[in-house]
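Heads up, the thing below is written out as structure tokens.
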Amino acid sequence: MNTAASNHDLQSSIASLRSGDVRSLARAISAVENRSPGWSNLLKALFPHSGRARVIGLTGSPGAGKSTLVDHLARFYRKEKRTVGIIAVDPTSPYTGGAILGDRIRMQEHFSDPGIYIRSMATRGSLGGLARTTADVTTVLDASGRDVILIETVGVGQDEVDIVRLADITVVILVPGMGDDVQTIKAGIMEIADIFVINKSDHDGAERVEREIRGLQSLAVRHDGWTPPIVNTVASQGTGVEDLAAAIAGYEAYLQKENLALKKSVENWRERLVEMLRDVMLEKVRAQISDERLEQLAGEVAGHKRDPYTLVEEIAATAGST
Ligand SMILES: Nc1nc2c(ncn2[C@@H]2O[C@H](COP(=O)(O)OP(=O)(O)OP(=O)(O)O)[C@@H](O)[C@H]2O)c(=O)[nH]1
Ligand SMILES: [Mg+2]
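Convert by adding 248 to the 1-based position in the sequence shown; the result is the number in the numbering used here.
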């Protein structure tokens, strides 16, 4: 390919993406998500334009009301004339590459507003991993000039913990009436919550959930000194959404005041850099060993003709040198 021409293409697609053109945005996100040719050049060029958006992660168990809350928050920010990008990470959806049906229908009315851009990802097992792809898609949205990026993810596994780690602010959504709900929440999720939402507060047991959270909070002080507030919502009626937005703004202000935003970002990048390095190194090593060769080596180790420790050392020592 002609490098000068492709560079020109890249510059013009970045210019239209940054002017707010939704189709260029969609195309760029697809390129990054699918790791299409040129994806890394695209990200390299976009990165300097990113870093302005407020990234808010919302996580909680299936059916907790995440999409309903995201929907209301998006409306709230639109009223403030802020543009919104939504990433719905849906690890269980059978509709690959698309939103689950309920989300689709509910969010359809936003499609007429170019100030809200919604993207669903069902990319588990895809190249680069869900967390990394979500991070890259966030960078694209950020560089496109979206003021607020809302990431919805089901809080179950490590991937989801990694995803919320890329957020500036993480909202953990709990619901009453799930027995020992709080106790069963993964410690990791507990640690990452900057704000707790008790949604479905119209159901019995909201006070109990609140007491349990307070109980857990009393056991450990966060290293940044922040005590995550608890917000009660009834998302299906839009109740408490303004309180949630206020809590988010409150934490933003705290981050600014304590000069924590940069610190948090450094922490996130430390993790992400290691992950990116791991991916690149692994790719390099794998490129050196064909599947047949790997099969053969596995056979030799299984047959105890070779020890795996020496083998791995030998492979690692030559990786990337050719
Ligand atoms: N009673 C009540 N129902 C709610 C409330 N919030 C949401 N719901 C309902 O709960 C159901 C699930 O809401 P969603 O917003 O799709 O939940 P979600 O967490 O996005 O679900 P998944 O993405 O499938 O994990 C919907 O039928 C909502 O209408 C609430 O505060 N009270
Ligand atoms: Mg949802």
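Backbone N, C-alpha and C define an ideal beta-carbon position, used for all residues, glycine too.
In this text the structure is predicted, and so the values were computed from the model without any measurement.
- With 16 or more other Cβ atoms inside 10 Å of its own Cβ, Ala441 counts as buried.
- DSSP places Thr386 in the helix class (H, G or I) of the three-state scheme.
- Under the DSSP definition of a beta bridge, Arg302 partners with Val396.
- In this structure, DSSP gives Thr331 a state outside helix and strand, which the three-state scheme calls coil.
- In this structure the region 486-498 does not lie against the region 506-523, because fewer than three pairs of beta carbons, one per stretch, are closer than 8 Å.
- The region 437-487 contains, as complete alpha helix (DSSP H) runs of 4+ residues, the segments 454-467 (chain order).
- Asp410 and Gly308 have their C-alpha atoms some 14 Å from each other.
- For Lys292, the closest C-alpha among the options Phe324, Asp416 and Val388 is that of Val388.
- Collapsing the DSSP output to three states places Val423 in coil.
- Taking 8 Å as the cut-off, the beta carbon of Ala391 is found no closer than this to the beta carbon of Arg275.
- At least one heavy atom of ligand 2 is found less than 7 Å from the C-beta of Lys314.
- Around the C-beta of Val412, 16 or more other C-beta atoms lie within 10 Å, and the residue is accordingly described as buried.
- Approximately 29 Å separates the beta-carbon atoms of Asp450 and Arg302; this is outside 8 Å, ruling out the contact.
- Within the same chain, Arg380 come within 7 Å of Glu523 by CB-CB distance, once the 5 residues on both sides are set aside.
- Contact annotation: Val419 and Ile443 have beta-carbon atoms nearer than 8 Å.
- In this structure, DSSP gives Ser267 a state outside helix and strand, which the three-state scheme calls coil.
- Beta-bridge partners of Tyr365 (DSSP): Gly333.
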